[in-house]
Every structure is written in structure tokens, then in C-alpha cells.
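Asker:
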Amino acid sequence: MKVNKEKGWTEGGFHRTSNKPRITAAQLKKVVLDNRTEVCLYTRVERKSTIIWAKRGFNMNETISFKVNDKSVSLTTDSERTLLWVLRTDLGLTGTKYGCGKGLCGACTVIVDERAVRSCVVPVRSIKGKKVFTIEGLAKNGKLHPIQEAFVKHDALQCGFCTPGMILNAYSLLLRNPQPTKAEIIRGMENNLCRCAAHLRIIRAIESAVQKMKGTRQK
Ligand code: FES
Ligand code: FES
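Here the working numbering is used: the first residue of the sequence shown is 17, the next is one more, and so on.
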């Protein structure tokens, strides 16, 4: 990691072989503003940018209360931060994964008031008073949820990075439609991406969970 004193930012994450940053200061500012303070790749730069924001009054600290996995949480933070990073860094719930950071891959899916949401694009201010479920809250009394069991049984994962988002998206799908057809499962899951290409096994696992949960509305 190298600090460019002349330009005044840390550039190691962007360019490993030369002193020149790969992106311009203007582009950098746009990246940071677009992603707020939260993109891993830009952490060092963002810290610096956060200071700039603070000077400009962008950091609006607010006390926000909500429930996570049935426990009440109250924290004072920049209300523009995303739910993803509040879960991961403030609450230590690292089962929720950071993939694209743009709402495209589904790795960061959590349940808010029984709907699947992409926590990387949800500002924490918007979940005031709501109920959030993460993958850590799905097993009850040490027993896996039937969807989790089915993922294990059908080997519906390889690296596992997409798995929490897949399982929670399936969970939300089955809350809305407890007896989906295969086509409905595919449609409901098609926007969650698996880089290991485990999609067929994922669909099979969800079909099997549907059979197991028949006649129940299991939360
Ligand atoms: S990390 Fe949120 S959708 Fe990709
Ligand atoms: S199991 Fe690796 S990304 Fe889905």
C-alpha cells in the first residue's frame, strides 16, 4: 500500500506497479459518492473521503432502532450507510456477503419485514422500526431451517459465498408462495448469481425444501 503524498490519497488498491493512480481524482470522488463510505476496495480512500464529507456536512449521524434476528438494536451512525455494512461491521453479522455492491448479484440479500432486500443498496435509515433477518437468525434452537438442510443435502453450494443470499431469497420466495412450481422457483431465483454455477443443485434443493415444508408456513 503506497501513499501518494503529492496527490494526497492512498493508491495501493488501484495500481500496483506505478505511482500513478488508475483513476482520476474526479472519478474517485464519484465512486466514493456513489458508494457512500462502504465499498471494501476503496476503504483506505473512503476513510479520507469521509473526512472530506464530514467537512462538507455529508455525515448525518442519527440514532436508528430496529430488530435484527429478533433482538432490538439501536445505533447512532451516518444514516446513509448501507444496511450491509452496518450488519457486517457494527453488528458482526458477517454471514451477509458483499458481492457487487450495486444490487445486482444478490450475495447481500437479507429479509426485511418478510421481503428479500439487497442490503448493499438499502440505507440504514430506511429500516427504522423494521424487522431484519439475516442468515444467522434462520436456524432455531440449533436446528437448521428446512431450506438450509436441503442445501446441505443436495450439495447446493461450492465456495458458499452466494449461499446466505440464495437461502434467504428462497426463504422469502416460499413465504409468498409456499408451493411454487419449478418454473416459479427458477424465476424467483434467477437474479441471485452463483459464480460456482451451482444453480441446478440450488433449484433441486429448493424443490426438496418445498416438499418437506408442505402444509407448513415455517419461519
Ligand atoms: S452485493 Fe448486494 S446485490 Fe451484489
Ligand atoms: S457457491 Fe460459490 S458463488 Fe455460489
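In this text, a Cβ means the ideal position worked out from N, Cα and C, and glycines have one as well.
Are the beta-carbon atoms belonging to Glu78 and Pro139 less than 8 Å from one another?
Answerer: No. Outside cutoff.
Asker: May I ask you to verify whether the region 203 to 215 touches the region 144 to 158, counting CB pairs closer than 8 Å and requiring at least 3?
Answerer: Segments in contact, no.
Asker: Within the same chain, show all residues whose beta-carbon is closer than 6 Å to that of Lys159, passing over the 5 residues directly before and after it, in chain order.
Answerer: Result list for Lys159: empty, nothing under 6 Å.
Asker: Kindly identify the DSSP beta-bridge partner or partners of Asp94.
Answerer: Its beta-bridge partners are Asn77.
Asker: Counting pairs of beta carbons, one from the region 193 to 200 and one from the region 167 to 183, are three or more of them closer than 8 Å?
Answerer: The answer is no - the region 167 to 183 does not touch the region 193 to 200, with fewer than three Cβ pairs under 8 Å.
Asker: When the Cα atoms are used, what is the spatial distance from Leu100 to Asp86?
Answerer: One C-alpha to the other measures close to 17 Å.
Asker: With a threshold of 7 Å (Cβ to nearest heavy atom), would Leu191 be considered close to ligand 1?
Answerer: The answer is no for Leu191.
Asker: Ligand 1 heavy atoms versus the CB of Leu154: any closer than 7 Å?
Answerer: Not under cutoff, so the answer is no.
Asker: Helix, strand or coil: which one does DSSP assign to Pro139?
Answerer: In this structure, Pro139 counts as strand in the three-state DSSP scheme.
Asker: Go ahead and label Arg217 buried or exposed: buried means 16 or more other beta carbons lie within 10 angstroms of its beta carbon, across all protein chains shown.
Answerer: Buried: at least 16 other Cβ atoms inside 10 Å.
Asker: By the 10 Å Cβ neighbour count, where 16 or more other Cβ atoms means buried, how is Phe88 classified, buried or exposed?
Answerer: For the record, residue 88 in the displayed sequence is Ser; it is not Phe. Classification for Ser88: exposed.
Asker: Can the beta-carbon of Lys169 be found closer than 8 Å to that of Ser224?
Answerer: Result yes, Cβ atoms of Lys169 and Ser224 sit closer than 8 Å.
Asker: Quick check: what's the CA-CA separation for Val108 versus Lys198?
Answerer: A small fix is needed here, since residue 108 is Gly in this sequence, not Val. C-alpha separation (whole angstroms): 35 Å.
Asker: Considering only their Cβ atoms, is the gap separating Thr112 from Ser135 smaller than 8 Å?
Answerer: For Ser135 and Thr112, yes; Cβs fall inside 8 Å.
Asker: For Asp94, count neighbouring Cβ atoms within 10 angstroms of its own Cβ and tell me buried if that reaches 16, exposed if not.
Answerer: The residue is buried, with at least 16 neighbouring Cβ atoms inside 10 Å.
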